[in-house]
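K.L.:
Next up, the structure:
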């Protein structure tokens, strides 16, 4: 794999902006998580701004926004908000910002539907679903109690729902300041993740679909237990590679902006091929649950928050093997086992 090239060595300070392409500015917001920041993108739009993604739904994020209103935005209004996908670091402040500026929100229908589902779920329903689903896949004891005891934590980090959005879809052209941004759809990490490509100078706002240093989490939700996000992720990455040029400037949601889109996609596809091989070889030795597979996929100690993502990813890879006929599965004594 050729090395990625990073034209900017450091992010801007929180509340400040950095121009990365004509009329395209980088905003950097720290987060209180292992993934410790998110990049947002500010597009010049007449006398105001189009904003892509909004930040985590916390008061700390709002304090950074308060600085950004005067500094990065220069007192100019946000005219519209585009949300790449439903995760709280991307949509968390969309409702608050939409109220403040009277700005419409645009996102895909698939992301809006899942956002509504997750936000509206009752605490007891979430507890029961998590306990049943994660328990079926082998999680037990204190980690299961911790995860299932949370209730609907999603609402806590998306405290204000955005207004009903204007829906965007694959191939749509979004005009910003007289320039066309084309919508390309990624899947797997989210059901209908919007990436935005400015055609005349090859700038790609990739959200979480293409990240420079890590692979985005691929998870299976209790409401769709047979989902195969690994295949969806790999297939949509391949489509993006085929559609967009290698010289694109990629603006990811996490990490530094980079050149090397095709090489990075190749590396992500290879990573998941390797993870599938690890899972398949383990299943050949003995039937196992998703929980049994964790030490082979994640060579580190997992806290309770990481455990949720890791279990989702383990289930995702086993579901992929099953969907492609590379593993069988059977339920016994309240556990789901996969064998190859």
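Residue numbers (this note's numbering): 248 to 587.
Ideal Cβ positions, reconstructed from N, Cα and C, are used throughout, including at glycine.
In this text, all values refer to a predicted model and were calculated from it rather than measured experimentally.
Give the single residue among 351, 551, 564 and 258 whose Cα lies nearest to the Cα of residue 388.
P.N.:
If we check each option's Cα against that of residue 388, 551 comes out closest.
K.L.:
Could you give the DSSP three-state label for residue 263: helix, strand or coil?
P.N.:
Residue 263: coil per DSSP, three-state reduction.
K.L.:
What would DSSP say about residue 335, mapped onto helix, strand or coil?
P.N.:
Reduced to three states, the DSSP call for residue 335 is helix.
K.L.:
Report yes or no: is there a C-beta of chain C within less than 8 Å of the C-beta of residue 257?
P.N.:
You won't find chain C in this structure, because it holds only one protein chain.
K.L.:
From this set, 531, 493, 394 and 521, which residue's C-alpha is nearest residue 251's C-alpha?
P.N.:
The option with the nearest alpha carbon to residue 251 is 493.
K.L.:
Please state if the CB of residue 496 and the CB of residue 544 are separated by a distance shorter than 8 Å.
P.N.:
Their beta carbons are not under 8 Å apart, which means residue 544 does not touch residue 496 by this criterion.
K.L.:
Pick out whichever of 575, 539 and 573 has its Cα sitting closest to the Cα of residue 559.
P.N.:
Taking only the C-alpha atoms, the option nearest residue 559 is 539.
K.L.:
For residue 538, which three-state DSSP category applies?
P.N.:
Residue 538 falls in the helix class under three-state DSSP.
K.L.:
At which residue ranges does the region 272–318 contain complete beta strand (DSSP E) runs of 3 or more residues, listed in the order of the chain?
P.N.:
For the region 272–318, whole beta strand (DSSP E) runs of length 3 or above, ordered along the chain, are 284–292 and 295–299.
K.L.:
Please state whether the Cβ-Cβ distance between residue 556 and residue 519 is less than 8 Å.
P.N.:
No, these two residues do not count as a Cβ contact at 8 Å.
K.L.:
From this set, 379, 408 and 283, which residue's C-alpha is nearest residue 394's C-alpha?
P.N.:
Nearest of 379, 408 and 283 to residue 394, Cα basis: 379.
K.L.:
Go ahead and pull the three-state DSSP assignment for residue 408.
P.N.:
In the structure shown, residue 408 sits in coil (DSSP, three-state: anything other than H, G, I, E or B).
K.L.:
So who's on the other strand from residue 585, going by DSSP bridges?
P.N.:
Answer is 535 and 576, bridged to residue 585.
K.L.:
If contact is defined by three or more beta carbon pairs under 8 Å, each pair taking one atom from either stretch, is the region 354–364 in contact with the region 291–305?
P.N.:
They do not touch, by the three-pair rule.
K.L.:
Please list, in chain order, all residues of the same chain as residue 283 whose beta carbon is under 8 Å from its beta carbon, the five residues on each side excluded.
P.N.:
277, listed in sequence order.
K.L.:
Helix, strand or coil: which one does DSSP assign to residue 224?
P.N.:
Only positions 248 to 587 of the chain appear in the structure, and residue 224 is not among them; the question remains open.
K.L.:
Which whole runs of the beta strand (DSSP E) in the region 493–568 are 3 residues long or more, in chain order?
P.N.:
You should have 496–499.
K.L.:
Between the C-alpha atoms of residue 272 and residue 573, what's the straight-line distance to the nearest angstrom?
P.N.:
C-alpha separation (whole angstroms): 45 Å.
K.L.:
Where residue 474 and residue 467 are concerned, what is the direct C-alpha to C-alpha distance, given to the nearest angstrom?
P.N.:
C-alpha separation (whole angstroms): 6 Å.
K.L.:
What are the partner residues of residue 372, as DSSP defines its beta bridges?
P.N.:
Bridge partners of residue 372: none, in fact.
K.L.:
Work out the CA separation of residue 333 and residue 416 for me, nearest whole Å.
P.N.:
Straight-line Cα distance between these residues: approximately 15 Å.
K.L.:
Between the C-alpha atoms of residue 374 and residue 584, what's the straight-line distance to the nearest angstrom?
P.N.:
Distance between the alpha carbons of residue 374 and residue 584: 23 Å.
K.L.:
Excluding sequence positions up to five away, which residues of its chain have a Cβ less than 6 Å from the Cβ of residue 248?
P.N.:
Reliability of the predicted coordinates at residue 248 is poor, the pLDDT of 40 falling under 50, and no value is obtained from them.
K.L.:
How is the alpha helix (DSSP H) around residue 440 delimited, first residue to last?
P.N.:
Per DSSP, residue 440 belongs to no alpha helix (DSSP H); it is in the beta strand (DSSP E), 440–445.
K.L.:
Using three-state DSSP, classify residue 357 as helix, strand or coil.
P.N.:
Reduced to three states, the DSSP call for residue 357 is helix.
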